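A.B. asks: This is the structure, below, for whatever I ask next.
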Amino acid sequence: MKPRFSFAISFLLVTAAFGQKNISNPADWRTPAEISDYRTTPRYEETMAYVRRAAAAAPKQVKIETFGKTGEGRDLYVVAVSKDGVFDPAALHQAERPIVLIQNAIHAGEMDGKDSCLALLRDMVITKSKAALLDRAVVLMIPIYNADGHERFGQYNRINQNGPEQMGWRTQAQNLNLNRDYLKADAPETRAFLKLWNKWLPDFFVDDHVTDGADYQYDVTYTLDTGLDVDPALAGWQHDVLAPYLEQSVTAAGHKIAPYINLVEETDPAKGITNSQDMPRFSTGYMILQNRPGMLVELHMLKDYKTRVTGNYEILRALLEAINRDAGKLVAMNRAADAATIAAGKQFAPGTAFPLQLTPSGTETFHFLGYKYTRSLSEISGAIRIEYSHEPWEQDVPRQSGLKPVLTIAPPRAYIVPAQWTQVIDVLEAHGLRLERTAAPWSAEVETYRCTPAWQAKPFEGRIPLAASAESGAREKSMCKAVQEKLSFPVGSVVVPLDQRAAKVAIHFLEPDGPDSAVSWGFFNSIFEQKEYAEGYVLEKLAREMMTKDPKVKQEFEAKVASDPRFAASPDARLNFFYQHSPWWDQYKDRYPVGRLKSLEGVPLAQVKRE
53 MKPRFSFAIS
63 FLLVTAAFGQ
73 KNISNPADWR
83 TPAEISDYRT
93 TPRYEETMAY
103 VRRAAAAAPK
113 QVKIETFGKT
123 GEGRDLYVVA
133 VSKDGVFDPA
143 ALHQAERPIV
153 LIQNAIHAGE
163 MDGKDSCLAL
173 LRDMVITKSK
183 AALLDRAVVL
193 MIPIYNADGH
203 ERFGQYNRIN
213 QNGPEQMGWR
223 TQAQNLNLNR
233 DYLKADAPET
243 RAFLKLWNKW
253 LPDFFVDDHV
263 TDGADYQYDV
273 TYTLDTGLDV
283 DPALAGWQHD
293 VLAPYLEQSV
303 TAAGHKIAPY
313 INLVEETDPA
323 KGITNSQDMP
333 RFSTGYMILQ
343 NRPGMLVELH
353 MLKDYKTRVT
363 GNYEILRALL
373 EAINRDAGKL
383 VAMNRAADAA
393 TIAAGKQFAP
403 GTAFPLQLTP
413 SGTETFHFLG
423 YKYTRSLSEI
433 SGAIRIEYSH
443 EPWEQDVPRQ
453 SGLKPVLTIA
463 PPRAYIVPAQ
473 WTQVIDVLEA
483 HGLRLERTAA
493 PWSAEVETYR
503 CTPAWQAKPF
513 EGRIPLAASA
523 ESGAREKSMC
533 KAVQEKLSFP
543 VGSVVVPLDQ
553 RAAKVAIHFL
563 EPDGPDSAVS
573 WGFFNSIFEQ
583 KEYAEGYVLE
593 KLAREMMTKD
603 PKVKQEFEAK
613 VASDPRFAAS
623 PDARLNFFYQ
633 HSPWWDQYKD
643 RYPVGRLKSL
653 EGVPLAQVKR
663 E
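Quick note, the sequence shown lines up with residues 53 to 663 if you use our numbering.
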């Protein structure tokens, strides 16, 4: 009797946590996490076994598809959930039924979203307690995005995190962080995701995570992008409608929720909370370029696993309620945002200020629910350390708000990429952009850039990016100067017209000053390399001749020696100065090979590469 009594109590607790009613044979449908009382999370095969059981029990409502493979050869799965068995993206778009994509385990040590989605799947199609979440919406769930990282299972993978007992690893098999890869698309998982995205073209995207960072009372935090780089209607709906509903509904379910917390100073919460641009390397930053709202969910790392999983469940439940309520409005706003992007790309408008880099524009007061803390000098690190208590503490603190542009450009009518830059073209194709090819060689005076970049000292995400393109990505000063020069483009060069709905993807990837541009990530590093050199004795003779014949060169050289100590101390730099000012200097060096076209007139275009 005792085991039965214990089981009954466990079941009642699980039922209460997820608000289930009238469950038929519920024990059969407890998730693996629930069965373990949230001590453990299931492995890859066990996770998919549960999903397959649900699909077998509700075949008209659940469809499992593979959308690619990982580097180690594992299948990547997406689970489509529909009330009536309609799984055709075109039919769903025509019926104005919003498609919601929920991505889990991109950082595979952060398992909360996966286990909450298993419970949500059950409650939508098996117990039916949440069947109403499918009234208008169709839900796509990626149970495990970083499947290779997920199977690097261990108990020491997340030093900051309180449970489960074992979990996966942050990065995939090539040690790439998939949540830095959305625009550069180096990883096979990212390429697979982009195919999935372009097939379904969802109306809303969710990325489930667990925090690092400070300790505080909230167990659920989230981010919605509402800055000036977001379509105004979508920004307004998220700020004025969605966010208030999420906070009210999740709070009513017994959780503490707040916008994502990132401290200005990690050892002093009273200094306030930061705000920053959501860059395209991140999942939700990429959604901005796709004209789609995205929500980052971050459960607090130090809360117990049950609290985190149920909190993740509740914010997904609340989100789907809001989307079902505003289904037609959401679809209409997305379509209007796409139409506006297409219309803006039909002609070059020199007065346009498209924001590439943004920075906080102001501050507001935020009532912060934290824990009391002390600060002291650490004899170990030699720096100030923070130690949190478990005693609640609350205080009004400043929170950075709003975003203002610090670098803008006027987008061209189209870009043209020389055919030899195959890596860059491959990425453009992966993003599903409409590309056209030149049918003949073509030379013309076009706008491009000459750049003077500096590189980071060590690799970041498998590349040697520019110095301001690592984790922060922030750059408030342009590294490039616009120039008008004659460029030559061989047959088969790629033209990227901007009268297409994903034009912002092309702009951010092909404008050098974009935080995640091809230049920023090192795709064009070779153009900045000096490939021909002169012997010292040759340059000694040339330098004397040049200073005799051209007083301006002599004056500029002497001024640089006087004002630049590093230059003055380098014999090679001093001699190279004259090489750079001579006719022998490589005129292609530092010149960006991609052209900005103000019109397509005269460009010998062939057939369209991709629609």
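Virtual Cβ for every residue (Gly too), placed ideally from N, Cα, C.
Owing to the predicted nature of the structure, the values given are computational and were not obtained by experimental measurement.
Drop a sphere of 10 angstroms on the beta-carbon of residue 429, count the other beta-carbons inside from all chains shown, and report buried for 16 or more, exposed for fewer.
C.D. replies: Answer is exposed; the Cβ neighbour count stays below 16.
A.B. asks: Report the option in 439, 503 and 372 whose CA atom is closest to the CA atom of residue 530.
C.D. replies: Of the listed residues, the one whose Cα sits closest to residue 530 is 503.
A.B. asks: Three or more C-beta pairs closer than 8 Å, one from the region 470-490 and one from the region 225-239: is that the case here?
C.D. replies: Taking 8 Å as the limit for Cβ pairs, the verdict is that the region 225-239 does touch the region 470-490.
A.B. asks: How far does the beta strand (DSSP E) with residue 539 in it extend, from its first residue to its last?
C.D. replies: Element bounds for residue 539: 532-541.
A.B. asks: Measuring straight from C-alpha to C-alpha, what distance separates residue 551 and residue 98?
C.D. replies: Roughly 45 Å between the two C-alpha positions.
A.B. asks: Does DSSP put residue 393 in a helix, a strand or coil?
C.D. replies: Helix, per DSSP.
A.B. asks: Quick check: is any heavy atom of the ligand PLP less than 7 Å from the C-beta of residue 190?
C.D. replies: Absence of the ligand PLP is noted for the structure shown, with no ligands found whatsoever.
A.B. asks: Taking just the CA atoms, how far does residue 495 sit from residue 541?
C.D. replies: Roughly 6 Å between the two C-alpha positions.
A.B. asks: Compare the C-alpha of residue 220 against each of 102, 486 and 156 and name the closest.
C.D. replies: Here the closest residue by C-alpha is 156.
A.B. asks: Tell me the residue span of the alpha helix (DSSP H) that contains residue 609.
C.D. replies: Its alpha helix (DSSP H) spans residues 603-615.
A.B. asks: Buried or exposed: residue 150, going by 16 or more other Cβ atoms within 10 Å of its Cβ?
C.D. replies: Buried: at least 16 other Cβ atoms inside 10 Å.
A.B. asks: Whose C-beta lies closer than 8 Å to the C-beta of residue 214 among residues of the same chain, with five residues either side of it excluded?
C.D. replies: The residues are 353, 354, 355, 356 and 357.
A.B. asks: Could you check the C-alpha separation between residue 218 and residue 107 for me, to the nearest Å?
C.D. replies: Approximately 27 Å between the Cα atoms of the pair.
A.B. asks: Measuring CA to CA, which of 158, 244, 169 and 164 is closest to residue 133?
C.D. replies: Ranking the options by Cα distance to residue 133, first place goes to 169.
A.B. asks: Based on Cα-Cα distance, which residue from 513, 597 and 216 lies nearest to residue 227?
C.D. replies: Closest option to residue 227, Cα to Cα, is 513.
A.B. asks: Alpha helix (DSSP H) containing residue 288: first to last residue?
C.D. replies: 284-289 is the extent of the alpha helix (DSSP H) around residue 288.
A.B. asks: With a 10 Å radius around its C-beta and 16 neighbouring C-beta atoms as the bar for buried, classify residue 82 as buried or exposed.
C.D. replies: When all chains shown are included, residue 82 counts as buried.
A.B. asks: Give me, in chain order, the residues of the same chain whose beta-carbon lies closer than 6 Å to that of residue 188; leave out the 5 immediate sequence neighbours on both sides.
C.D. replies: So the qualifying residues of the chain are 149, 376 and 379.
A.B. asks: Between the alpha carbons of residue 340 and residue 359, how many angstroms are there, rounded?
C.D. replies: Their Cα atoms are separated by approximately 30 Å.
A.B. asks: Could you please give the first and the last residue of the uninterrupted alpha helix (DSSP H) stretch that includes residue 246?
C.D. replies: Element bounds for residue 246: 240-252.
A.B. asks: Just to confirm, is the Cβ distance from residue 326 to residue 447 under 8 Å?
C.D. replies: In this structure, residue 447 does not lie closer than 8 Å to residue 326 by Cβ.
A.B. asks: Is it true that the CB of residue 469 sits closer than 8 Å to the CB of residue 546?
C.D. replies: Taking 8 Å as the Cβ cut-off, residue 546 and residue 469 qualify as a contacting pair.
A.B. asks: Closest to residue 687 by C-alpha separation, out of 444, 171 and 628, would be which residue?
C.D. replies: Outside the displayed span of the chain (53 to 663) sits residue 687, for which this structure offers no information.
A.B. asks: Cα-Cα, which of 484, 401 and 252 is closest to residue 154?
C.D. replies: Taking only the C-alpha atoms, the option nearest residue 154 is 252.
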